[in-house]
Ligand SMILES: Cc1cc2nc3c(=O)[nH]c(=O)nc-3n(C[C@H](O)[C@H](O)[C@H](O)COP(=O)(O)OP(=O)(O)OC[C@H]3O[C@@H](n4cnc5c(N)ncnc54)[C@H](O)[C@@H]3O)c2cc1C
């Protein structure tokens, strides 16, 4: 493997953000594709947060900017096969969010009217309607729900593979098994990226290192408020009772979720006591807590075996929104901090970063308020719909 000595831009991270950015940068044709280099520390692309995620894609968020990102990103996923030739298994089973307390009901009502105003046809359901739609589940305490049919699931690995191979075909130089270990600046500008197998001189770097983005920021002397937080899930053996069109169900108060995975279920729950860190091993004690909660909601789960389990890292910012754009060091850009819902926004985020880097502004969606400076300037944007 021969690293080039120079590049016009080095993208750090081969998850959905880096892969999408590489593809969209090359597609614009303004930088010679051969001068775009993508570096991934693992031996395969998409083994970070992207490959460990639940694959959920949805329009249902509580802030306008997240809904707008979904309105731009999910159609790109729908067109993925036509544009990139890669099937990504987009299953529009709908997300059904369940509220079990009055506070959530009020938030859900506000969210539905905001989403409808932006053209997303989310429906508000009564508690009885939730129970009618989920006969296999025990939701006696459901007070309301929201449902949008176009939400669903997508295969994350296929999205990464599609972008990486399309970028490669255009000439982008992609390397796996190459870790970035340092960044040198000259004055206030990036000058060089040091890796485990050599150095690359460059005037531009895109930090797309997901949960590790803070470490890459440190290398360039930029403090990024992105914290790695472990999240885990498990899948079950086949459950023939679960219908093909079973929705992605979220029990909001418990941050407990279920969706169909193969012929069984994928079940996850957030541990609210999890401490920040890079540990990606499964916490078996918490898995039992998750299992008990799942059986309480869906007694059928008791009949199943665990088929697989894994943990991954959320990349959490103080307001649960990503950071896009410049960082104060010339030529050092960031696209990270998606706080547990970035996979679905990967397609549009890569395109937005190509716009910012090549044109100096975001055109497809105005994400200028999601800049790094907002944390210092107190312009945080709270998102409620993150589990
Ligand atoms: C358990 C779990 C469930 C989730 N569920 C969903 C969901 O249902 N829907 C959704 O939209 N999102 C979900 N997410 C969030 C989503 O996975 C992330 O927001 C998204 O994948 C982030 O993509 P990324 O490319 O920024 O990060 P990553 O996929 O982590 O990519 C960053 C890459 O950078 C590489 N890297 C790091 N440091 C270096 C270095 N020094 N040198 C070279 N390479 C480096 C890493 O190895 C990694 O591959 C979930 C996340 C987790 C953990």
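Numbering (my numbering), first residue to last: 272 to 658. Glycine included, C-beta positions come from ideal geometry on N, C-alpha and C.
**Q.** Assigned secondary structure, residue 465 (DSSP; H/G/I helix, E/B strand, else coil)
**A.** Along the chain shown, one-based indexing puts residue 465 at 194. Three-state DSSP puts residue 465 in a strand.
Q: Have a look at 336, 523 and 372 and flag the residue whose alpha-carbon is nearest the alpha-carbon of residue 635.
A: Along the chain shown, read from residue 1 onward, the residue named residue 635 stands at position 364. Selected option, being the one with the closest Cα: 336.
Q. Buried or exposed: where does residue 396 fall if 16 or more other Cβ atoms within 10 Å of its Cβ makes it buried?
A. Here the question's residue 396 lines up with position 125 in the chain shown. Residue 396 comes out buried.
Q. If we ignore side chains and look at the alpha-carbon of each, how far apart do residue 454 and residue 278 end up?
A. In the chain shown, counting from the first residue as 1, residue 454 sits at position 183. In the chain shown, counting from the first residue as 1, residue 278 sits at position 7. Near 14 Å, if we compare the C-alpha coordinates of residue 278 and residue 454.
Q) In the structure shown, what three-state DSSP assignment does residue 418 receive? A) In the chain shown, the residue the question calls residue 418 occupies position 147. Residue 418: strand per DSSP, three-state reduction.
Q. Does DSSP put residue 607 in a helix, a strand or coil?
A. In the chain shown, counting from the first residue as 1, residue 607 sits at position 336. Residue state, collapsed to three classes: strand.
Q. How is residue 478 classed by DSSP in three states: helix, strand or coil?
A. To locate residue 478, count along the chain shown from 1; it is residue 207. In this structure, residue 478 counts as strand in the three-state DSSP scheme.
Q) Hey, would you say residue 330 sits closer than 9 Å to residue 438, going by beta carbons? A) Counting from 1 along the chain shown, the entry for residue 330 is found at position 59. Counting from 1 along the chain shown, the entry for residue 438 is found at position 167. Not in contact: residue 330 and residue 438 (Cβ atoms no closer than 9 Å).
Q. Is the closest heavy atom of ligand 1 to the C-beta of residue 427 under 8 Å?
A. Within the chain shown, residue 427 is the residue found at index 156, counting from 1. Indeed, a heavy atom of ligand 1 lies less than 8 Å from the Cβ.
Q: Assign residue 382 to buried or exposed, taking buried as 16 or more other Cβ atoms, counted over all protein chains shown, within 10 Å of its Cβ.
A: Start at 1 with the first residue of the chain shown, and residue 382 comes out as number 111. The residue is buried, with at least 16 neighbouring Cβ atoms inside 10 Å.
Q: Starting from residue 294, follow the beta strand (DSSP E) in both directions and report where the run begins and ends.
A: Locating residue 294 in the chain shown gives position 23, counting from the first residue. Element bounds for residue 294: not the beta strand (DSSP E) but the alpha helix (DSSP H), 287 to 299.
Q) Ends of the beta strand (DSSP E) at residue 503? A) For the purposes of this step, residue 503 is taken as the residue at position 232 of the chain shown. Element bounds for residue 503: 498 to 507.
(Q) What does DSSP give as the partner residue(s) for residue 268 in the beta ladder? (A) Given a span of 272 to 658 for the chain in the structure shown, any question on residue 268 remains unanswerable.
Q: Locate the alpha helix (DSSP H) running through residue 381, then write down its first and last residues.
A: Walking along the chain shown from the start, residue 381 turns up at place 110. It spans 373 to 388 - the alpha helix (DSSP H) in which residue 381 sits, taken as one unbroken run.
Q) In terms of DSSP beta bridges, what is residue 601 paired with? A) Looking up residue 601 in the chain shown gives position 330. Answer is 460, bridged to residue 601.
Q | Ordered list of alpha helix (DSSP H) runs contained in the region 491 to 561, each at least 4 residues | A | none
Q.
I'd like to know whether the C-beta atoms of residue 631 and residue 480 end up nearer to each other than 9 Å.
A. For the purposes of this step, residue 631 is identified with residue 360 of the chain shown, where counting begins at 1. For the purposes of this step, residue 480 is identified with residue 209 of the chain shown, where counting begins at 1. It is not a contact, given that the beta carbons lie outside the stated cut-off.
Q | Own chain partners of residue 609 with C-beta closer than 7 Å, once the 5 adjacent residues on each side are dropped | A | Looking up residue 609 in the chain shown gives position 338. Close CB contacts of residue 609 within its chain, under the 7 Å cut and outside five residues either way in sequence, are with 586, 593 and 616 (chain order).
Q) In or out: residue 307 buried (at least 16 other Cβ within 10 Å) or exposed? A) Counted from its first residue, the chain shown places residue 307 at position 36. By the neighbour-count criterion, in which 16 or more other beta carbons inside 10 Å mark a residue as buried, residue 307 falls on the buried side.
**Q.** Where the beta strand (DSSP E) through residue 343 begins and ends
**A.** Reading the chain shown from its first residue, position 72 is the one you call residue 343. That residue, residue 343, is in no beta strand (DSSP E); its alpha helix (DSSP H) goes 335 to 349.
Q. Are the Cβ atoms of residue 443 and residue 466 separated by less than 9 Å?
A. Taking the chain shown and counting its residues from 1, the one referred to as residue 443 is at position 172. Taking the chain shown and counting its residues from 1, the one referred to as residue 466 is at position 195. No, the Cβ-Cβ distance between residue 443 and residue 466 is not below 9 Å.
Q) With DSSP run on the structure shown, which of helix, strand or coil describes residue 595? A) Along the chain shown, one-based indexing puts residue 595 at 324. Strand.
Q) At a cut-off of 8 Å, is residue 488 close to ligand 1 when judged by its beta-carbon and the heavy atoms of the ligand? A) Position 217 of the chain shown, counting from 1, holds the residue named residue 488. No; taking the cut-off as 8 Å, the Cβ of residue 488 has no heavy atom of ligand 1 nearer than that.
Q | Residues bridged to residue 580 (per DSSP) | A | Within the chain shown, numbered from 1, the residue matching residue 580 stands at position 309. The beta-bridge partner set that DSSP reports for residue 580 consists of 505.
Q: Over the uninterrupted alpha helix (DSSP H) stretch that includes residue 629, give me the two end residues.
A: Here residue 629 refers to the residue found at position 358 of the chain shown. 617 to 630 is the extent of the alpha helix (DSSP H) around residue 629.
(Q) Between which two residues does the beta strand (DSSP E) holding residue 401 run? (A) One-based indexing of the chain shown puts residue 401 at position 130. Where residue 401 is concerned, there is no enclosing beta strand (DSSP E), although the alpha helix (DSSP H) it sits in stretches over 398 to 404.
Q) In three-state DSSP terms, what is residue 431? A) Walking along the chain shown from the start, residue 431 turns up at place 160. Looking at residue 431 - three-state DSSP - the assignment turns out to be helix.
**Q.** Cα-Cα separation, residue 348 to residue 386
**A.** Position 77 of the chain shown holds residue 348. Position 115 of the chain shown holds residue 386. Computed Cα separation, rounded: 20 Å.
Q | Any non-hydrogen atom of ligand 1 within 8 Å of residue 312 CB | A | Reading the chain shown from its first residue, position 41 is the one you call residue 312. With a cut-off of 8 Å, the C-beta of residue 312 is classified as near ligand 1, since at least one heavy atom of the ligand falls inside that distance.
Q. Pick from 410, 578, 341 and 516: whose alpha carbon is nearest that of residue 507?
A. Here residue 507 corresponds to residue number 236 of the chain shown, with the count starting at 1. Distances from the alpha-carbon of residue 507 to those of 410, 578, 341 and 516 put 578 closest.
Q: Using only the heavy atoms of ligand 1, determine whether one of them is closer than 8 Å to the beta carbon of residue 547.
A: Position 276 of the chain shown holds residue 547. No, Cβ of residue 547 sits at least 8 Å from all heavy atoms of ligand 1.
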